[in-house]
Amino acid sequence: MAASAKTFVLYPSLGVGHLIPMVELAKHLLRRGHSAVVAVVDPPDGDAASAAAVARLAAANPSIAFRLLAVPPSPDPAAHPVRRAHDTLRLANPALRAFLRALPAPADALLLDMFCVDALDVAADLALPAYFFFASAASDLAVFLNLPFLYPGLPSFRDMGDALVRCPGMPPIRAVDMLVTVQDKESDLTKVRLYQFKRIAESRGVLVNSFDWLEPTARKALADGVCVPDRPTPRIYCIGPLVNSGDASAGGEKRHECLAWLDAQPEKSVVFLCFGSKGAFSAAQLKEIARGLESSGHRFLWAVRSPPEEQREFPEPDLGRLLPAGFLERTRGRGMVVKNWVPQAEVVRHEAVGAFMTHCGWNSALEAIMSGLPMVCWPLYAEQAQNKVFMVEEMKIAVPLEGYEKRMVKAEEIEAKVRLAMETEEGRKLRETLATARKMASDAVGDGGSSEVAFAEFLRDLEKSSMENGGCNN
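Using my numbering, read the sequence shown as starting at 702 and increasing by one per residue.
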């Protein structure tokens, strides 16, 4: 516990996927007696889904203060979402500075999303300690910190194909599996990402949503300082796993119908397919998934979205048109298809679920680890293919689907990997590894665990920073 209660301002990037981990961090701070304010950028051209998510999270977490920062619209609304977010967050600096100055009591620290690198300038202006909260794997952090130094000496990843990229201290990664937004070395988007990664190293430290046991290779690379050759690596604090508690009923929400369906299924008999808030497939790919599930003979729960090109016209997927004729009738009883959204955190914890086909978003991976659930990897965007490499080759907690990089996975491959996870000796070994990982995750966040120790070290560093600044920020 800190010597005194602190006030933290948490600053997420745009989008639900960045907001939810920050809310989990805020809960973590509150449980330890601190105060948390989440400052949310509210651009006039923001999407309705993000606005609804902020309202929902604020209602479910009354102890966390949410504050909207009004900012100018993005200078280029047609730009890539990552570029647009970067520009919007840069334009938000004056609003963030004014908000911090207007707080009734000065903040003790600013906790930044990895996209919010230009907020470091605001923190410096106000003599406010700035730390990043990195909601992805420590392995991703090790790679990202090194990319600004490694990439100039390489061709574009998109031209390297299956050639291996070797970051110091880390296992080799196929170029095709490197972060999607840096595949073209000369693109403006890549330059933005490398700029962001380089600035992370300017912070006082990085809180990572992971735990030491899970990623020893990355932890050693970061501790040894090999990722950032031109300056000391910031202090790294693995404080996770921080994941959603998965109890919607606690917030007064009605229990989702899929949970009642799961209640009626045998233990560990259901394959759960869910691909994140942006995970959508073509109509042809949806049909391949359906055929693979049907042929596998296993029970399944599948969250389906409309194909990307149809989402404006059809916000709810037309299952009768998108899935093979008769599929829903033939699989009635052993399968359930849900439109758009399911309460993932609650589903992965349900005793009826035996495997999880996932896009490899890190939050989803942590939820599965905390439930001891083997994973079948289907990376779609962002750093998910990197995560697949670490999850399959380093952590040994998942198996990959072949063909994901070609944007089409065949029904036969889907059937084979479902059967592998649910029926085979390899699947049994996965479950054994996950059972160990689950225990180690629980130990890490328990009294005296590595993540609790790391969090205490972070608070001590913050106290040290306060003394260096004369005991006063702002």
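Ideal Cβ placement from N, Cα and C applies to all residues, glycine included.
Per DSSP, cross-strand counterpart(s) of residue i
i, result
"W1003", "L974 and V1038"
"F833", "L813 and V907"
"C1078", "T1059 and P1101"
"T1032", "Answer is none; T1032 lacks a bridge partner."
"A1086", "BP columns for A1086 are empty, so no partner."
"S1166", "None; S1166 has no bridge partner."
"Y938", "L908"
"D743", "A771"
"V1054", "V971"
"L1176", "What the structure shows of the chain is the stretch from 702 to 1175, and residue 1176 is not part of that stretch, so it cannot be assessed."
"S946", "DSSP output for S946 lists no bridge partner at all."
"A737", "F709"
Neighbourhood of residue i by C-beta, 6 angstroms cutoff - its chain only, sequence neighbours within 5 removed
i, result
"A836", "P722 and N910"
"V972", "H999, F1001, A1056 and V1119"
"L987", "L1023"
"P713", "H719, L720, M723 and D814"
"V883", "T891 and R894"
Cβ neighbours of residue i in the same chain (closer than 8 angstroms, five flanking residues each side left out)
i, result
"E1114", "G993, L1102, E1103 and G1104"
"A902", "L846, V929, R932, T934 and P935"
"S950", "Because the pLDDT of S950 is 49, which lies under 50, any placement of that residue in the model is unreliable, and the number read from its coordinates should be weighed accordingly. Excluding positions up to five away in sequence, the list reads R956."
"A754", "V717, L720 and I721"
"R1139", "I1070, M1071, S1072 and G1073"
"Q1012", "A981 and R1006"
"E989", "M1109, V1110, K1111, A1112 and I1115"
"E1017", "S1007, K1040 and N1041"
Which listed residue (the options) has its alpha carbon closest to that of residue i
i, options, result
"P1044", "R1022, L960, E1106 and M1058", "L960"
"K1089", "W1063, G1128 and D743", "W1063"
"P745", "S775, H729 and V755", "S775"
"A838", "L797, V881, M1092 and D863", "M1092"
"V1005", "S978, R1013 and S996", "S978"
"A843", "W1079, E1084, C817 and C975", "E1084"
"E1095", "G870, P1025 and A737", "G870"
"A750", "V1146, N1041 and P856", "N1041"
"G854", "G862, D863, D841 and C868", "C868"
"E1133", "P778, V710, D777 and K1097", "K1097"
"A796", "H781, P773 and R784", "P773"
"F898", "D809, L851 and W962", "L851"
"A1086", "R1129, A803, A759 and M879", "M879"
"E1126", "V738, A1142, V1100 and G1147", "V1100"
"L817", "Y1082, V1054, V710 and S705", "Correcting the residue type first, residue 817 is Cys in the shown sequence and not Leu. The residue with the shortest Cα to Cα distance from C817 is V710."
Residues near residue i in its chain [Cβ-Cβ closer than 7 angstroms; skip 5 each side]
i, result
"E725", "L943, V944 and N945"
"F800", "A740, R768 and L770"
"R1161", "none"
"R791", "D819"
"A984", "P1008 and L1023"
"R900", "V818 and L821"
Limits of the unbroken alpha helix (DSSP H) element including residue i
i, result
"T1134", "E1126 to V1146"
"I990", "A984 to S997"
"D860", "F858 to M861"
"Q1045", "Q1045 to R1050"
"D748", "Per DSSP, D748 belongs to no alpha helix (DSSP H) and is neither H nor E."
"K969", "Run containing K969: none; DSSP gives neither H nor E here."
"C959", "E958 to D964"
"S840", "A839 to L851"
"D925", "P917 to D925"
Range covered by the beta strand (DSSP E) that runs through residue i
i, result
"D1019", "Per DSSP, D1019 belongs to no beta strand (DSSP E) and is neither H nor E."
Residue i Cβ short of 8 angstroms to the ligand SAH heavy atom set
i, result
"A839", "This structure does not include the ligand SAH; it has no bound ligands of any sort."
is_contact[residue i, chain D] using C-beta, thresh 9 angstroms
i, result
"A1066", "As a matter of chain content, chain D is missing from the structure shown, which is built from one protein chain."
* **Contiguous beta strand (DSSP E) assignments of at least 3 residues, all confined to the segment 868 to 911** => 906 to 909
* **4 or more residues per run - each alpha helix (DSSP H) lying fully within the segment 766 to 825** => 782 to 792 and 794 to 803
* **Segments assigned alpha helix (DSSP H), at least 4 residues, entirely inside the segment 706 to 733** => 717 to 732
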